[in-house]
Structure formats: C-alpha cells, structure tokens
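These notes concern the structure reproduced below.
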Amino acid sequence: MQSVVVVDYGFANLRSVLNALECFEISVSVAEAGSELKGADKIVLPGVGSFDAGIRELRRRGHEEALAETVLDKKTPYLGICVGMQFLYEGSEEGVEPGLGWIKGTVTKFPEGPGKPKVPHIGWNAVRKSKESRLFNDLAEESDFYFVHSYSAPVGGTDDSWVAGICDYGYPFAAAVEKDHISATQFHPEKSQLAGMKLIQNFLEI
Amino acid sequence: MTVATKHRLIATLLCYRGNVVQTRRFRPTNMVGNAFTAVDFFNSWAVDEICVLEISADDSYLDHFLEVVHGLSRRCFVPLSVGGKIRDLDKVREYTRAGADKVVLNTHAYQSDSLIEDVAGSFGKQCVVVSVDAAPNPDMPSGYEAVIARGREKTGEDVNTWVLRAAQRGAGEILLNNIEHDGDKRGYDLSLIKSVTAVSPIPVIAFGGVANWDHLVEGIEVGGADAVAAGNIFHYTEHSTKKAKEHMAAQGLWVRDSTFYKVDMPRRPTYQPY
C-alpha cells in the first residue's frame, strides 16, 4: 500500500484533504516536520493562508530542505493545492519571502476595481486542459473545479511550459501545473466533487 | 472574459434535536431522518454546496451536532457551510475543525458588535455567511424588516441596511430568507431578493419556499441571486438535486457541469442502514 504524506505547516486546515485521501486504498499520514517526509511515496501540500507566513513556517519546520531532497532529488511525486501551488514559484505579490523557485515567475494579485471580477475568486469555474497531463487524464477538455483565492499565476507572466490547465477570471491564469512528477492545482480538488476526486485518483496513480 | 463564477445550487439541511427536519415558517414540521442518509442522497453528485444548520431551541444537542458535522464532512466533497448557535470564535473553531469550510451567522451577528469582524479577521471573508431573515413591513423603505431569533424578534431595521452593514463588517455572502415563505411552497420572495441583490456588494443566496425547479431558475433570473438554496424539496425525491441541476442548465443558466466520473473510492464512508 503506498504511503501518502500530507505536509502540515500549521496554517492549513488539513481535514478536507485528509477526508478526500482517506477514500482511497492508501496509507495517509501527516508530517509536522521535514524529517517525517522521508519514505513518502507521494507528497501532498495543501494550503490556505498567507504566502509569507506559510513559507516561513515551511522553512522553520525543515520542510523546504526535505521537499528538495524527496521531490527534487528522489523524484517523489508532489501535489500542491492552492497556496501549495503558489509556493512553487519564485515569489508572490502577497509577500516578500522568496518561494521555492521550482517554477519561474511571480504569483500576482487579481486587480480590483470597477468592471473587474470580484476578489477573492470564490466558487466554481471551468478549467480547460492546455496540454496532455497525467493530472487531467480521462477528464473532459473542460471541467469545473472549486476555487478560493486572491492571487494567481497569470498565463504569459510565468513559465507557461508548466501550465496543464487554464481558468479565465478577468484574464487566463494557471489553474494547474504539471512537469514530470511535480504537479499542483490552484483550485481545491478535495472540494470539487467527482472531477476533483478523479484528479486525486490520477495523482495517486502517477 | 469571465467576470463571475457559476451559479450554485445549495442543499440545506436543518437539524433539530439530532434529526433532519422539514420546516414551515421556521417551525419544524416533520422529521426526515438522518443527516448522513440525506447527504449521501444529495451526493447524486450534482449539488454544488451543502449547508447544515442546527435549529434546536437550546444547546443540548450541540455535541451531537458537532459529530454530525464531522461525519458529513467525511462524505461531502463540496464546500460545507455550518451554522447554529455561533456566539464566538470558539464555536467557529469547533465547526471548522469538524470540517466546515464556511460558517453561517445569524442572531449573534446582529446582536454582537464584533462577531462578523472577528470571524472574518481570523478565518477570512470567504468563511463568513450571514443569514438574514426578513419579514414584510410596509413601514420600512424596502418593505422588509430584518428579524432575528428565528423570526421571533424584530430588529426595527430595514433588511437592506442590515445587509449593507454586514457586508461592511466582513461578511462574504448573504443567505436570504423571508420567514413567511419558509416551507410555504410559494417559491422565493422575489421582490425581497430583487431588493437585496440591488444593493448588496456581496453574493446573495436565495432561500425559502422552493416547491419546483422553476422557482430555482426565478431566484437567479428574476431575483438576481448569485446562488439558490432549498431544503424541503430535496427530501423524498429520487435524484432530486440532479434533476434540479439539469433543469437549471436546460433553462440556460450558467451552472456547474456535473459530468459523472467513475472514481474508485473503496473507503468512502456511506450510510449503512441497520
């Protein structure tokens, strides 16, 4: 039975992600410190909360080093969710701390103002596949997922070779990224019903 | 370019003394059964959100309710809103820890000067749904007065000014109900919904009185609601949420596509009849 480790950095409410993972025939555990990522077959990093506070706590708990060792060196499959996707970039307009920097580019805030979409972007929106990916395997060309966020990686503003799914909210942004064994979604698959559960199953099959 | 999100269909469960009930004019009428069966039922995979509210008169069933919320969150893979007896941040923490994505505030949001700000400050605006109950009152500019304590207490304030104040304090959404339409099968009070959606800077969820699928469509097309909620109608009808959703899509509403994907979830908890 494969072992899936969920990274805990103290801010995210892990309950929904654990609820979703626990539906599958896998062993699920929570890593409060980096040392507990060793031996994971898959790593999931859920996220809510602010960029700076989150990434500082990831560093303080030794998760950054452990992620480099497991995901970058040992090629352990990684799924980041929401802020867990934003951490992969070089930084975010939300804060001053550098991100993990695995993907080139900076996460930016949705502009606010008359005629602009409401911020935060909350609710169900369509995601269209922008390349072949394992994450969207067997999902329709366009499926609806649940979003809650104010920051995103705009298409064209970051390394587009990563982008696996695009959502439009005022402008197109990266709803999901994937390269080799590293993947992440801006939306919440654990709250996106069957399309989300299908995507989680796809990740577990990587 | 998209400037909004899709219209949502929300299934509402009312828990009274540990059971799911139907209500009419805010009074429980009959027991529908167990919350878990109801949610498994809603999970004909078409509903976009589930809202569960504890409506017992006193606090004696809150521990049981917390277990219900926890159980619901384990089998519900859409956003879950939870309300009932929220007076302070501790209750919000209990509900979110049990799996709530949003909390629904009502009477205490009105009575307290800081509850909405406190919850929004700690959990974010997206977590705060303010449930606003209205009763017709021709003396109010909008024709509706805000009422609290499940309709038993009048506030003397126009429903529109309460909605604006709640939004300013940090509410993320308004759940709007006319107490006289609750369980009355007349459809939503469209003039109330129109009046509130005209002034509200935040999304409004229409609730109360749905007896057929056209009522859901009217709530959005005529009332201007962002999302539509219903409770009673979903009980007893097989595949009810799926049919409701199909009807909304057929009427041209921009709703979530609920394509069925086969996902093998061997450990997903489901209701086991005894």
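One line per chain: the protein sequences are S and R, in this order.
By this note's numbering, the letter at position 109 of the first sequence is numbered 1218, and the numbering carries on one by one without gaps.
By this note's numbering, the letter at position 251 of the second sequence is numbered 255, and the numbering carries on one by one without gaps.
The beta-carbon is built from N, C-alpha and C at its ideal position, and this holds for glycine as well.
When DSSP assignments are scanned along the stretch 1253-1301 of chain S, the uninterrupted stretches of beta strand (DSSP E) that are 3 or more residues long and fall wholly within it turn out to be 1272-1278, 1280-1288, 1291-1294.
Val-1205(S) counts as exposed, since fewer than 16 other beta carbons sit within 10 angstroms of its beta carbon. Per DSSP, Glu-1141(S) is not a residue of any alpha helix (DSSP H), being assigned neither H nor E.
Between the stretch 1192-1207 of chain S and the stretch 1239-1257 of chain S, the count of C-beta pairs closer than 8 Å stays below three; the two stretches do not touch. A direct Cα-Cα distance of roughly 27 Å separates Ser-1261(S) from Ala-1142(S).
It is roughly 45 Å from the alpha-carbon of Glu-1241(S) to the alpha-carbon of Arg-173(R). Only residues of its own chain outside the window of five on either side were considered, and among them Val-1113, Val-1115, Leu-1127, Leu-1130, Glu-1131 have a CB closer than 7 Å to the CB of Val-1137(S), listed in chain order.
Within chain S, the residues placing a beta-carbon under 7 Å from that of Thr-100(R) are Asn-1122, ordered along the chain.
When Cβ pairs closer than 8 Å are counted between the two stretches, the stretch 1282-1292 of chain S is seen not to touch the stretch 193-203 of chain R, the count staying below three. For the pair Phe-30(R) and Glu-1299(S), the CB atoms are not nearer than the 8 Å cut-off. In the structure shown, Lys-95(R) falls within a helical segment according to DSSP collapsed to helix, strand and coil. Considered as a whole, the stretch 1145-1175 of chain S harbours 1151-1154 as its complete beta strand (DSSP E) runs of no fewer than 3 residues, in chain order.
Met-35(R) counts as exposed, since fewer than 16 other beta carbons sit within 10 angstroms of its beta carbon.
For Ala-233(R), the pairing in a beta bridge is given by DSSP as Ile-14(R).
Judged by pairs of C-beta atoms under 8 Å, the stretch 96-103 of chain R does not touch the stretch 142-150 of chain R, as fewer than three such pairs exist. The criterion of a C-beta distance shorter than 8 Å is satisfied by Gly-235(R) and Leu-18(R).
Within the stretch 1112-1138 of chain S, those residues whose Cβ lies closer than 8 Å to any Cβ of chain R are, in chain order, Asn-1122, Arg-1124, Ser-1125, Asn-1128, Ala-1129, Glu-1131, Cys-1132, Phe-1133, Glu-1134. In the structure shown, Cys-1191(S) adopts coil according to DSSP, grouped into three states. Secondary structure in the stretch 107-147 of chain R: the alpha helix (DSSP H) runs of 4 residues or longer, each lying completely within the stretch, are 111-115, 119-127 in chain order. In the three-state reduction of the DSSP assignment, Val-72(R) falls in the helix class. Nearest CB-CB separation between Lys-10(R) and chain S: below the 8 Å threshold. Between the stretch 150-159 of chain R and the stretch 106-119 of chain R there are three or more C-beta pairs closer than 8 Å, enough to call the two in contact.
About 28 Å separates the beta carbon of Val-1192(S) from that of Gly-1224(S), a gap too long to meet the 8 Å contact definition. Straight-line spacing of the CA atoms in Pro-32(R) and Gly-125(R) works out to 34 Å.
Within the stretch 62-90 of chain R, the residues whose Cβ lies closer than 7 Å to any Cβ of chain S are, in chain order, Ser-77, Arg-78, Phe-81, Val-82, Pro-83. Within the DSSP secondary-structure output, Asn-182(R) pairs in a beta bridge with Ala-138(R).
Within 7 Å of the CB of Ile-1231(S), the CB atoms of chain R belong to Thr-9, Gln-130, in sequence order along the chain. For Val-267(R), the C-beta contacts it makes with chain S under 7 Å involve Leu-1303, Met-1306, Lys-1307, Gln-1310, in order along the chain. The contact set of Ser-1252(S) on chain R, defined by CB atoms closer than 8 Å, consists of Asp-261, Thr-263 in chain order.
Between Arg-97(R) and Gly-1232(S) a beta carbon distance of about 25 Å is seen, past the 8 Å cut, so the two are scored as non-contacting. With a cut-off of 8 Å on Cβ pairs, the stretch 1177-1194 of chain S is not in contact with the stretch 169-184 of chain R, counting fewer than three such pairs.
Among the bridge pairs identified by DSSP, Thr-27(R) is matched with Pro-32(R).
Cα atoms of Val-72(R) and Lys-1213(S): separation of roughly 44 Å, rounded to the nearest angstrom. Assigned with DSSP and collapsed to three states, Thr-1217(S) falls in strand. Among the bridge pairs identified by DSSP, Asp-162(R) is matched with Glu-149(R).
Closest option to Arg-271(R), judged by alpha-carbon separation, among Phe-1120(S), Tyr-1118(S), Glu-1134(S), Gly-1119(S): Glu-1134(S).
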